[in-house]
Amino acid sequence: MVKWTEEERCTIRDVWEKVDIDEIGPQVLTRQNIISFKRHTLATFGDIFTNTSILNNPKVAHRGKVVLRSIDKAVRNMDRIQETHAALSRLHYEGVDPDNFKLLGDCITITIACKLKEALNPQVQAVWQKFLCAVVETSKIRCQKYVGNNKP
Amino acid sequence: MTFGSAKDKEVVKAFWTKLAPKADDVGADALSRMLAVYPQTKTYFAHWKDLSPGSAPVKKHGKTVMGGVADAVGKIDDLTAGLLDLSELHAFTLRVDPANFKILSHNILVVLAIVFPNEFTPEVHVALDKFLGALSRALAEKYR
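If you read the sequences in order, they're chains A and B.
Here the first sequence is numbered in the UniProt record's numbering, starting from 1 and rising by one per residue.
Here the second sequence is numbered in the UniProt record's numbering, starting from 1 and rising by one per residue.
Right, dumping it as structure tokens:
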């Protein structure tokens, strides 16, 4: 379990309270889909094969909000991220290449950087990165636990 | 190493003209963030007196790094040939693990998002991500 200092908790909450999920969520997923060439994993989104179609895809925008709402849960439960995301971890294990989590994390940071600008200074970015790594690791846990065992 | 389409190159060169006047500051900030957020990278700079964000050695080296990026923009049509000397330097003298190129590239993108929040659109982001990826691969050319 990750340990947080009080200062780190405040820093993460300060960053998060500046994030409007409805505004930033769609931007995060749009960037991730445009950057990533693993588009076959997202065929359920319909047309995501050009930058223009991604920018205008309502399913991509909706998924962005869903992703940030799960991050919101993690911010509110920093001491129990693994437990909070248990069901989500299982869902990802059954359909998502875990390599995508790192790219998603990087896109979240870059999108937040556009919004927060200098408020995301190096020290704040370091704490935010620690938080994102904790979230990414819990999303991957089920993948690591069951690889090769063929257990549900 | 060929990089991207004609459109990607056009986007990178156009963005570089906006970036160039602030390149030194961007380099210093990107390096500061790399050292602060990914402390394992400090190992390459253990000989510096001060590794804190914005310190004199960080600013000086940030300028050096962005000088290399500027050079790469000028050699965008053949990054492998253009960056051969730099690749040898990183492989045999500096001995930097190429995994770190990706870390620095990410932090350059973070700084660009902060300094150019409106211009750093998803299209510009992907073109620069591809360019920095190709630059990193060209730098790793002489490793094996």
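Quick reminder that beta carbons are idealized off the backbone N, C-alpha and C, glycines included.
Any C-beta of chain A under 8 angstroms from that of residue i
{"i": "SER55 (chain B)", "result": "no"}
{"i": "GLU10 (chain B)", "result": "no"}
{"i": "PRO98 (chain B)", "result": "no"}
{"i": "SER5 (chain B)", "result": "no"}
{"i": "PHE45 (chain B)", "result": "no"}
{"i": "ILE108 (chain B)", "result": "no"}
{"i": "ARG137 (chain B)", "result": "no"}
{"i": "HIS125 (chain B)", "result": "yes"}
{"i": "ASP129 (chain B)", "result": "yes"}
{"i": "ILE114 (chain B)", "result": "yes"}
{"i": "PHE120 (chain B)", "result": "yes"}
{"i": "ALA36 (chain B)", "result": "yes"}
{"i": "ARG33 (chain B)", "result": "yes"}
{"i": "PRO21 (chain B)", "result": "no"}
Cβ of residue i within 8 angstroms of any chain B Cβ
{"i": "ASN149 (chain A)", "result": "Any reading at ASN149 (chain A) must be qualified, since the residue scores a pLDDT of 45, below 50, and its modelled position is unreliable; no value is offered."}
{"i": "ARG31 (chain A)", "result": "yes"}
{"i": "PRO122 (chain A)", "result": "yes"}
{"i": "ILE12 (chain A)", "result": "no"}
{"i": "THR109 (chain A)", "result": "yes"}
{"i": "ILE34 (chain A)", "result": "yes"}
{"i": "LYS91 (chain A)", "result": "One detail in the question is off: residue 91 (chain A) reads as Leu in this sequence, not Lys. LEU91 (chain A) does not count as touching chain B."}
Extent of the continuous alpha helix (DSSP H) to which residue i belongs
{"i": "TRP16 (chain B)", "result": "6–19"}
{"i": "ILE76 (chain B)", "result": "Looking at the DSSP string, ILE76 (chain B) is not in any alpha helix (DSSP H), and its letter there is neither H nor E."}
{"i": "VAL96 (chain B)", "result": "Looking at the DSSP string, VAL96 (chain B) is not in any alpha helix (DSSP H), and its letter there is neither H nor E."}
{"i": "HIS125 (chain B)", "result": "122–139"}
{"i": "SER87 (chain B)", "result": "84–88"}
{"i": "GLU32 (chain B)", "result": "Checking the sequence shown, residue 32 (chain B) turns out to be Ser, not Glu. Residues 23–37."}
Pair within 8 angstroms by beta-carbon distance, residue i and residue j
{"i": "VAL124 (chain B)", "j": "ASP29 (chain B)", "result": "no"}
{"i": "SER70 (chain A)", "j": "HIS92 (chain A)", "result": "no"}
{"i": "ILE35 (chain A)", "j": "VAL126 (chain B)", "result": "yes"}
{"i": "VAL65 (chain B)", "j": "VAL12 (chain B)", "result": "no"}
{"i": "LYS87 (chain B)", "j": "SER136 (chain B)", "result": "Residue identity differs from the one stated: residue 87 (chain B) is Ser in this sequence, not Lys. No."}
{"i": "TRP128 (chain A)", "j": "THR109 (chain A)", "result": "yes"}
Contiguous alpha helix (DSSP H) assignments of at least 4 residues, all confined to the UniProt domain "Globin" (3–144) of chain A:
6–17, 21–35, 51–55, 58–76, 81–84, 86–93, 99–116
Counting Cβ pairs closer than 8 angstroms, one from the segment 58–76 of chain A and one from the segment 19–36 of chain A, do we hit at least three?
yes
Meets three-Cβ-pair contact criterion under 8 angstroms: the segment 122–138 of chain A and the segment 50–61 of chain A
no
So, does the segment 75–83 of chain A touch the segment 80–89 of chain B, judging by three or more C-beta pairs under 8 angstroms?
no
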